[in-house]
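Notes follow once the structure below has been shown.
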Amino acid sequence: MNSPAPPSAVVYAPTDDGLRLPVIDITLPDFALPDDAQSVAALDAAFRESEWRNALVPRFIMRFMLRSAAQRSRLLADILDPETPFLAGLTTYIMKLGAQNLLPPFDSDVDRRLAGSPQATAVRLRLQQTAKLLAAALAPLLRAAPAAPLVLINIGGGPALDSINALILLNRAGSGLRHRPIAIQVLDIDPAGPHFGAAALAVLSADGQPLAGIGISFAYEHYDWNAPALLEDLVRRAAAQDAIIAASSEGALFEYGSDDAIVANLRALHDNGAKAVVGSVTSADPLRRQSIAGSRFKLMPRGLDGFRPLAERGGFRIVRSEATPLGDQILLCPSSADICVDGGHLCAG
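What follows is the structure, encoded as structure tokens:
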């Protein structure tokens, strides 16, 4: 059996508009964040202090300060773009790079302060936690079916680096990715993020890189999560191949979608054989609600208690969760599955 490649240097991939961006690999020290309880608590304290400090500034003054700073920050200008009610996939991705990894035209002093803020650090941690939860859910499923195809469905995930990083983690753990077909299917409304994701996967699959020698396809389809027929068809076709099917939605469906859209998408996954779903849920903490109320982003601060009934209506239950100041990353298993959290045999049965 071939051993997975050790961590290598940071690599770069092109965007549609000709930029070259670092490719996030959470096994590299350039991108890895401490995620123990003490580190997460310290980040939460820094986040709360920053949010309370911002709340003391009158809103009209804050808007003026942000508009002024945006003239010196490409990243902040993209975030403040009034045309969309959500943060575009590539803009979110650049926030996840960390201040030390920014490149022109996203490397002004304002850009670096923004990328190093507790808020941006929490977004970075969200990606890392999502990838780890997805890998943890898949590992026992892969061991149980060593030749089965693997299909990872990414809903609203832009470049789908959570899916890609889950594969990096699994390959480093020797979880049997070789000699099986693997597909990443991205469903999103914006093609720019998935196009970068495909380029990033190609770079990470080159000789000497962490996914070298593994056959992974990457496909994108335009998707409106309010009309899940495309998802139903995709999962049904994968199930017909006896594939292991898992889905993720980091910073997307569970945070922006309506109750009905979330239930419909979960039901499409459950009824057609998906074994695990990982996603992020916006915190219902009063401070987080206050922050959202002052922004243009149409996030839904449900918290775990508000999300749990939706998961149950969709045929799933929350098995594990990991917290950040922004919310919780959750692993969902089918309600009928046998669960063994402490022993690691997640979503079995």
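Residue numbers 0 to 348, in numbering that gives the first Met the number 0, belong to the letters of the sequence shown in order.
Every residue, glycine too, gets a C-beta built ideally from N, C-alpha and C.
Kindly indicate the opening and closing residues of the beta strand (DSSP E) around residue i.
i      : result
LEU186 : 181-187
GLU321 : 315-323
ARG112 : No beta strand (DSSP E) holds ARG112; the alpha helix (DSSP H) holding it covers 108-114.
TYR219 : 215-221
VAL276 : 275-281
VAL150 : 149-154
LEU20  : 19-21
LEU330 : 326-333
Please classify residue i: is it buried, with 16 or more other beta-carbons within 10 angstroms of its beta-carbon, or exposed?
i      : result
PRO117 : buried
ASP108 : exposed
TRP224 : buried
GLU220 : exposed
SER294 : exposed
HIS178 : exposed
GLN240 : exposed
GLN70  : Because the pLDDT of GLN70 is 48, which lies under 50, any placement of that residue in the model is unreliable, and the number read from its coordinates should be weighed accordingly. GLN70 comes out exposed.
SER216 : exposed
ASN170 : buried
ASP161 : buried
ASP16  : exposed
Which value, in whole angstroms, describes the spacing of the CA atoms of residue i and residue j?
i      : j      : result
LEU168 : GLY207 : 16 Å
ILE152 : LEU42  : 30 Å
ALA136 : GLY256 : 24 Å
SER334 : ARG52  : 43 Å
PHE63  : PHE46  : The predicted position of PHE63 is uncertain, since its pLDDT is 37 and thus under 50; no value can be drawn from it.
LEU55  : ARG287 : Residue confidence for LEU55 is low, a pLDDT of 46 falling below 50, so the modelled location carries little weight; the figure read from the coordinates is stated next. If you take the alpha carbons of LEU55 and ARG287, they lie about 15 Å apart.
ALA40  : THR323 : 9 Å
PHE195 : ASP35  : 30 Å
PRO57  : SER49  : No answer about PRO57 holds up, because its pLDDT of 40 lies below 50 and its placement is not dependable.
ALA130 : ALA165 : 5 Å
ALA147 : ALA238 : 11 Å
PRO158 : PRO285 : 31 Å
ALA144 : LEU101 : 41 Å
ALA205 : LEU149 : 20 Å
LEU96  : ILE23  : 7 Å
SER67  : ASP270 : Unreliable placement is indicated for SER67, whose pLDDT of 46 sits below 50; the coordinate value is still reported in the next sentence. Their backbone Cα atoms lie some 50 Å apart in a straight line.
ILE188 : TYR222 : 6 Å
ARG142 : ASP258 : 34 Å
LEU140 : PRO104 : 42 Å
Would you mind reading off the limits of the alpha helix (DSSP H) that contains residue i?
i      : result
SER162 : 160-171
LEU268 : 258-270
ARG312 : 302-312
PHE195 : 191-203
SER290 : 285-292
ALA242 : Per DSSP, ALA242 belongs to no alpha helix (DSSP H) and is neither H nor E.
GLN128 : 117-143
GLU249 : Unbroken run through GLU249: none, as it is neither H nor E.
How about residue i and residue j: are their beta carbons less than 9 Å apart?
i      : j      : result
LEU298 : ILE317 : no
PHE306 : ILE261 : yes
GLY156 : ALA251 : yes
VAL277 : LEU186 : no
ILE25  : GLN127 : yes
ILE283 : VAL234 : Note on residue identity: the sequence assigns Ala, not Ile, to residue 283. No, the pair does not count as a contact, with Cβ atoms beyond the cut-off.
ILE244 : LEU268 : yes
contact_flag[the segment 198-215, the segment 174-190] where n(CB pairs < 8 Å) is 3 or more: Yes, the segment 198-215 is in contact with the segment 174-190.
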